[in-house]
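2 protein chains.
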Amino acid sequence: MASPKVGIIGIGLIGGSIALGLRKSGWASEIVGIDTNPEHQKKALSLRLVDRIATWQEAIDQVDVFVCAIPVDLLVALIPSVLDALKPGQVIIEVGSTKTPVFEALQNHPKRAQFVSTHPMAGTEFSGPEAAVQGLFVGKRGVICDKELSDPAAVALIEDLYRTGLEMNLIYMGSIEHDMHTAYISHISHICSFALANTVLEKEKNEARIFELASTGFESTVRLAKSSPETWSQIFHQNQENLLDVLDEYINTLLKYKGLMLSGSYEKLKEELGKANDIERILKG
Amino acid sequence: MASPKVGIIGIGLIGGSIALGLRKSGWASEIVGIDTNPEHQKKALSLRLVDRIATWQEAIDQVDVFVCAIPVDLLVALIPSVLDALKPGQVIIEVGSTKTPVFEALQNHPKRAQFVSTHPMAGTEFSGPEAAVQGLFVGKRGVICDKELSDPAAVALIEDLYRTGLEMNLIYMGSIEHDMHTAYISHISHICSFALANTVLEKEKNEARIFELASTGFESTVRLAKSSPETWSQIFHQNQENLLDVLDEYINTLLKYKGLMLSGSYEKLKEELGKANDIERILKG
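As given, the protein sequences belong to chains R and U, one line each in that order. Residue 1 is where the first sequence starts when you use UniProt numbering, and the numbers rise one by one after that. Residue 1 is where the second sequence starts when you use UniProt numbering, and the numbers rise one by one after that.
Structure (structure tokens):
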């Protein structure tokens, strides 16, 4: 295939950043934006995220690869009908943060092999086309889920999109495993951060003091609380079962700390904090 | 006074970074290190954090300003006896993260006016002399507590140390107010982060997956979990009452999220997350 034509459905932080990456690497011969929001259309063009805007009906005749980067709750409704309309050889991927809902929605779809389930593990706390960032994905990890359910040629094309087009490193797993692991790592971090912001805002009625005393440590921990409530309430919904599991564990850990403090067991608390230090070694790989 | 001679008691992350700052700005004519740990002495000299190492007995005859940057639990024991030995005109400050314990320990000390209670609001998750960073404090906030209890000339000297020597912006409050506010902002962030690391390490027995899936969001939220268990278990101890208060509020917020998830009230959860977004506006000032 010559350089593919790519259609980005949903030109926000993720869709827009993918567009920027594919343009920079020259992987796509053309990048077409598909977005129902007129503001997003305008911004995507003025920021040169996409070469042009097309309707879905136009795009279906012009595009080789569709990248579906819309909120997770819309994905489940949209993906099956998009897949219905696909011609032989066309491929669609989605890049949402939970994989099981679409996995289930497509389980018996006759064109399932033209769909590749993926998750580029990168983001920022901002949203919308103006949040798109050049290089967002470079050197980060991309996940391909349930590879065996997709056509090998489709998988090879998408592997190349991720590796060559976005300069990402790929790992492979099942959708169910993916959602369990991301609950433990990505999703619970957002819960922690949102809850910390709510707590501090509730407690600190004197807002000036928050600003005056906030150190870089606080800013780092609370950074994710600036994230989109729409996006994240949906992700929490879609990954509810796993997230409740890890949330319980998190609350139990905090209650353990509280118990150690109340009983004056600071040596034991120090031990627990020491165990937490191990995260550094593991993050370094 | 000509440029003062400064004695740094405890040459770790904070003491070492203050030494680097005061050298860079030329505020101090000489920087003398006082540290009982021979390893720290060696490193402080080889990293040129201090001009020379002295014993406490030598330093008391040579230094104009002592900066006490040792762990908070040692401070309470040490500061009164250091103050006992001070000659007229000498000044001592401490730079710990909780102010009430020393405030109480010095309440009836005859030389209280030669002591200035301060807190430079900056740090990193690392510790020891090799963690000292040039420019750590530049543009950050320094707190001076209970200004009215110190000699005005001593306060003026220390204000100049912070403003000219370290290029910090000063704010003023009482020790009790300080400890309440830092619990809400700095200390609870550390609890969140340590507990998140413990939770994920406990849940994710397959360590490789943590590394593979960890995104920058997770790394940001868990960053403080790399902090020193000694330092932070002591800070939690010294600020126990305030911290338990905010920890309860934090746990309640998480339980509220959990309740909303269990009852499927994702619109209401979205509202809560939206309120958390307000932290951005407040951090911007």
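Ideal placement from N, C-alpha and C gives every residue a C-beta, glycine not left out. Source: prediction; values computed, not measured.
Between residue i and chain U, is there a C-beta pair that is closer than 8 Å?
i                     : result
Tyr257 (chain R)      : yes
Val138 (chain R)      : no
Pro229 (chain R)      : yes
Ile279 (chain R)      : yes
Val22 (chain R)       : Per the sequence shown, the amino acid found at residue 22 (chain R) is Leu instead of Val. No, Leu22 (chain R) does not count as interfacial toward chain U.
residue 355 (chain R) : Here chain R comprises residues numbered 1 to 285, so residue 355 (chain R) is not present and cannot be evaluated.
Gly274 (chain R)      : yes
Val116 (chain R)      : no
Ala195 (chain R)      : yes
Thr98 (chain R)       : no
Leu74 (chain R)       : no
Leu283 (chain R)      : yes
Lys5 (chain R)        : no
Val246 (chain R)      : yes
Ser263 (chain R)      : no
Phe66 (chain R)       : no
Ile235 (chain R)      : no
Cys145 (chain R)      : no
Arg141 (chain R)      : yes
Ser17 (chain R)       : no
Lys270 (chain R)      : yes
If the criterion is Cβ atoms closer than 8 Å, does the pair residue i and residue j meet it?
i                     : j                : result
Pro101 (chain U)      : Gln238 (chain U) : yes
Ala225 (chain U)      : Ala208 (chain U) : no
Ile53 (chain R)       : Gln41 (chain R)  : yes
Ala214 (chain U)      : Leu283 (chain R) : yes
Leu149 (chain U)      : Tyr162 (chain U) : no
Leu166 (chain R)      : Pro129 (chain R) : no
Gln57 (chain U)       : Leu86 (chain U)  : no
Val155 (chain R)      : Val95 (chain R)  : no
Ile158 (chain U)      : Ile144 (chain U) : yes
Gly274 (chain U)      : Pro71 (chain R)  : no
Ser189 (chain R)      : Phe218 (chain U) : yes
residue 295 (chain U) : Gln62 (chain R)  : Here chain U covers residues 1 to 285 and nothing more, so residue 295 (chain U) does not appear.
Ser29 (chain R)       : Ala2 (chain R)   : yes
Trp27 (chain U)       : Thr216 (chain U) : no
Ile251 (chain R)      : Ile251 (chain U) : yes
Closest to residue i by CA distance: which of the options is it?
i                     : options                                  : result
Leu255 (chain U)      : R:Glu212, R:Lys270 and R:Ala195          : R:Ala195
Tyr184 (chain R)      : U:Thr221, U:Glu148 and U:Lys99           : U:Thr221
Arg23 (chain U)       : U:Ala132, U:Lys284 and U:Asn169          : U:Ala132
Glu272 (chain R)      : U:Ser186, U:Leu201 and U:Leu157          : U:Leu201
Ala44 (chain U)       : U:Trp56, U:Ile8 and U:Leu75              : U:Ile8
Leu269 (chain R)      : U:Thr231, U:Tyr257 and U:Glu249          : U:Thr231
Pro110 (chain R)      : R:Arg223, R:Pro88 and R:Gly123           : R:Pro88
Lys147 (chain U)      : U:Phe126, U:Ile34, U:Thr118 and U:Gly135 : U:Thr118
Glu212 (chain R)      : U:Gly217, U:Asp151 and U:Ser186          : U:Ser186
residue 297 (chain R) : R:Ser46, R:Glu39 and R:Val50             : Residue 297 (chain R) cannot be examined here, being either before or after the span of chain R that is shown, 1 to 285.
Asp73 (chain R)       : U:Tyr266, U:Ile251 and U:Ala276          : U:Tyr266
Gln134 (chain U)      : U:Gly21, U:Ile14 and U:Arg48             : U:Gly21
Ile279 (chain U)      : R:Glu125, R:Arg281 and R:Pro38           : R:Glu125
Spell out whether any CB of chain R is found under 8 Å from the CB atom of residue i.
i                     : result
Gln240 (chain U)      : yes
Phe103 (chain U)      : no
Ser127 (chain U)      : no
Gly123 (chain U)      : yes
Tyr162 (chain U)      : no
Gly135 (chain U)      : no
Arg52 (chain U)       : no
Leu13 (chain U)       : no
Trp56 (chain U)       : no
Ser189 (chain U)      : yes
Glu249 (chain U)      : yes
residue 333 (chain U) : Coverage of chain U is limited to positions 1 through 285, which leaves residue 333 (chain U) absent and any answer about it impossible.
Whole-angstrom Cβ separation of residue i and residue j, contact assumed at under 8 Å?
i                : j                : result
Thr98 (chain U)  : Ile191 (chain U) : Wrong, their Cβ atoms sit about 14 Å apart, outside the cutoff.
Val246 (chain U) : Thr199 (chain R) : 7 Å
Ala69 (chain U)  : Gly142 (chain U) : Not really, about 13 Å apart at Cβ, beyond 8 Å.
Ser17 (chain U)  : Phe137 (chain U) : 7 Å
Lys140 (chain U) : Ala122 (chain U) : 4 Å
Glu249 (chain U) : Lys203 (chain R) : 6 Å
Asn242 (chain R) : Asp179 (chain R) : 6 Å
Ile92 (chain R)  : Leu83 (chain R)  : 6 Å
Pro4 (chain R)   : Val65 (chain R)  : 5 Å
Ser263 (chain U) : Arg223 (chain U) : Wrong, their Cβ atoms sit about 33 Å apart, outside the cutoff.
Compute the minimum distance between the beta carbon of residue i and the heavy atoms of the ligand PLP, and state whether it is under 7 Å.
i              : result
Gly7 (chain U) : The model on display carries no ligand, and the ligand PLP is accordingly not part of it.
Fill in: Residues of the segment 204 to 225 of chain R whose Cβ lies closer than 9 Å to any Cβ of chain U, in chain order
Listed in sequence order: Glu204, Asn206, Glu207, Ala208, Arg209, Ile210, Phe211, Glu212, Leu213, Ala214, Ser215, Thr216, Gly217, Phe218, Glu219, Ser220, Thr221, Val222, Arg223, Leu224 and Ala225.
Worksheet item: In chain order, what residues of the segment 161 to 184 of chain R put their CB closer than 7 Å to some CB of chain U?
Response: Within the segment 161 to 184 of chain R, contact with chain U at the beta-carbon level (separation under 7 Å) is assigned to Ile171, His181, Thr182 and Tyr184.
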